Amino acid sequence: PAPDWLASRKLPRQPVLRAAVLIAASIALVSVVGWGFLRTFTQVNPEVLLSLDLPMLSAAITVWTAALYCQGARLPFVPLPSNHFLALVVGGTNVAHLAVPGPIAEIMAAWFVARRAHSDTSLALSATLFGRLLALSVLAAIVVTTATARFVLHDLPLWAIGVCAVAVLGGFSASCSIALPKVVLSGVARLLGLLPFALAIRLAGIIGGWAAGFVQVGTKARWTQAVAWSAANACTLSVATVLCFRSAGVDISPLDVLLLHGVLSLSTVVMIVLPAGFGAVDALGGAMLVGLGLT
77 PAPDWLASRK
87 LPRQPVLRAA
97 VLIAASIALV
107 SVVGWGFLRT
117 FTQVNPEVLL
127 SLDLPMLSAA
137 ITVWTAALYC
147 QGARLPFVPL
157 PSNHFLALVV
167 GGTNVAHLAV
177 PGPIAEIMAA
187 WFVARRAHSD
197 TSLALSATLF
207 GRLLALSVLA
217 AIVVTTATAR
227 FVLHDLPLWA
237 IGVCAVAVLG
247 GFSASCSIAL
257 PKVVLSGVAR
267 LLGLLPFALA
277 IRLAGIIGGW
287 AAGFVQVGTK
297 ARWTQAVAWS
307 AANACTLSVA
317 TVLCFRSAGV
327 DISPLDVLLL
337 HGVLSLSTVV
347 MIVLPAGFGA
357 VDALGGAMLV
367 GLGLT
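Following our numbering, the numbering of the sequence shown begins with 77 at its first residue and continues without gaps.
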């Protein structure tokens, strides 16, 4: 059965039109802010763009696009539409994620998947969120491995170790949410339900709905395949990043890129409240590049 918090809500009669209007407005807002950022770099020589290795950059774009297939295939629920369809959904919702604050992209993806699979939207949403949290868990394991290797081989600044530790803690918290939803999420929902605030009670209902949905998804989850596709997604995106750096003449270690990708991906939770993080993730990425001695 559908969780109460979502079953009681019907999707808009014209969800595509409303989503398009919202995305268009958000893209306009992000464009204005982005132009403001670009205006601060008036001394940047535009001819630098002409010196890029275009074949290498094209290879990077191709590999990055292939990662969309991995992102779609990592959804752990059975049955689902084909991975090709899921890749198209992921590609579209990734654009929405860059423009729209909040979990609107996840809701859009769930709606499309449910419609194609003739399934319940709330269950598809649970599977989408479940897959996202599982990916965070895999990324946490990747950060632990790569940060340890980087520390042993080349050293790692203390502040960067702290950033990695916080990111890993967040990723493994996601593991608890999907592995023990009745204990973790239901427990949080019960605690919120005790607070005498309307918002807390509403959040308790939402989190309780997630717990019920995760239990249902977990009984049918393709755990091995989902973990493998999540790892493949991280590696594919890292390869694309290495190619992109090298198209600009920057020789960067794949190990550093994998570490950087893991930390930044875990940090993109800021997208829940800010479209594209509004530069927060980019700032962290720049600091990590400096901290790793890559600039």
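Glycine included, C-beta positions come from ideal geometry on N, C-alpha and C. Only a predicted model underlies this, so the values are computations on that prediction, with no experimental measurement involved.
What would DSSP say about Thr141, mapped onto helix, strand or coil? Correct three-state label for Thr141: helix.
Uninterrupted alpha helix (DSSP H) stretches inside the region 258-293 (no shorter than 4 residues): As far as the region 258-293 is concerned, its whole alpha helix (DSSP H) runs of at least 4 residues are 260-269.
Can you give me the start and stop residues for the alpha helix (DSSP H) that Leu368 sits inside? No alpha helix (DSSP H) contains Leu368, which DSSP labels as neither H nor E.
Counting pairs of Cβ atoms below 8 Å between the region 214-233 and the region 261-271, do you hit three or more? The count of Cβ pairs closer than 8 Å, one atom from the region 214-233 and one from the region 261-271, stays below three, leaving the stretches out of contact.
If you follow the alpha helix (DSSP H) that Val326 is in, where does it begin and where does it stop? No alpha helix (DSSP H) holds Val326; DSSP gives it neither H nor E.
Applying the 10 Å Cβ sphere with the 16-neighbour rule, what's the burial state of Trp286? So Trp286 counts as buried.
When DSSP labels each residue in this structure, what does Leu209 get in the three-state scheme? Reduced to three states, the DSSP call for Leu209 is helix.
With Ala149 and Ala316 assumed to form a contact (beta carbons below 8 Å), what rounded beta-carbon distance in angstroms separates them? So it is not a contact: roughly 17 Å between Cβ atoms.
From what residue to what residue does the alpha helix (DSSP H) around Ala241 run? Run containing Ala241: 234-255, per the alpha helix (DSSP H) assignment.
Looking only at its chain, what residues have a beta carbon closer than 7 Å to the beta carbon of Met132, apart from the 5 residues adjacent to it on each side? Within the same chain, Met132 has close Cβ partners Leu319, Arg322, Ser323.
Helix, strand or coil at Thr197 according to DSSP, with G and I counted as helix: Per DSSP, reduced to three states, the secondary structure at Thr197 is helical.
Given a cut-off of 9 Å, decide if Ile218 and Leu201 are closer than it, judged by their beta-carbon atoms. Taking 9 Å as the cut-off, the Cβ atoms of Leu201 and Ile218 do not count as close.
Three-state secondary structure (DSSP) at Met347? At Met347 the pLDDT is 48, less than 50, meaning the model places this residue with poor confidence and gives no usable figure here.
How should Trp299 be labelled, buried or exposed, when 16 other C-beta atoms within 10 angstroms of its C-beta is the threshold for buried? It counts as exposed.
Express the C-alpha separation of Ala276 and Ile254 in angstroms, rounding to a whole number. Distance between the alpha carbons of Ile254 and Ala276: 22 Å.
Can you give me the Cβ contacts of Ala308 inside the same chain, cut-off strictly under 6 Å, excluding the 5 residues immediately before and after it? Correct list, in chain order: Cys146.
Give the single residue among Val166, Leu130, Leu128, Leu151 whose Cα lies nearest to the Cα of Thr141. When each option's Cα is compared against that of Thr141, the closest is Val166.
Determine whether the beta carbon atoms of Pro330 and Ser306 lie at a separation below 9 Å. Cβ atoms of Pro330 and Ser306: not closer than 9 Å.
For Gln292, which option in Leu271, Thr204, Trp187 has the closest C-alpha, if you only look at C-alpha atoms? When the alpha-carbon of Gln292 is set against those of Leu271, Thr204, Trp187, the nearest one is in Thr204.
Would you identify the three-state DSSP class for Thr300, choosing helix, strand or coil? Note: Thr300 maps to helix in three-state DSSP.
For Gln301, which of Gly207, Ser341, Arg226, Ala223 has the nearest alpha-carbon? Of the listed residues, the one whose Cα sits closest to Gln301 is Gly207.
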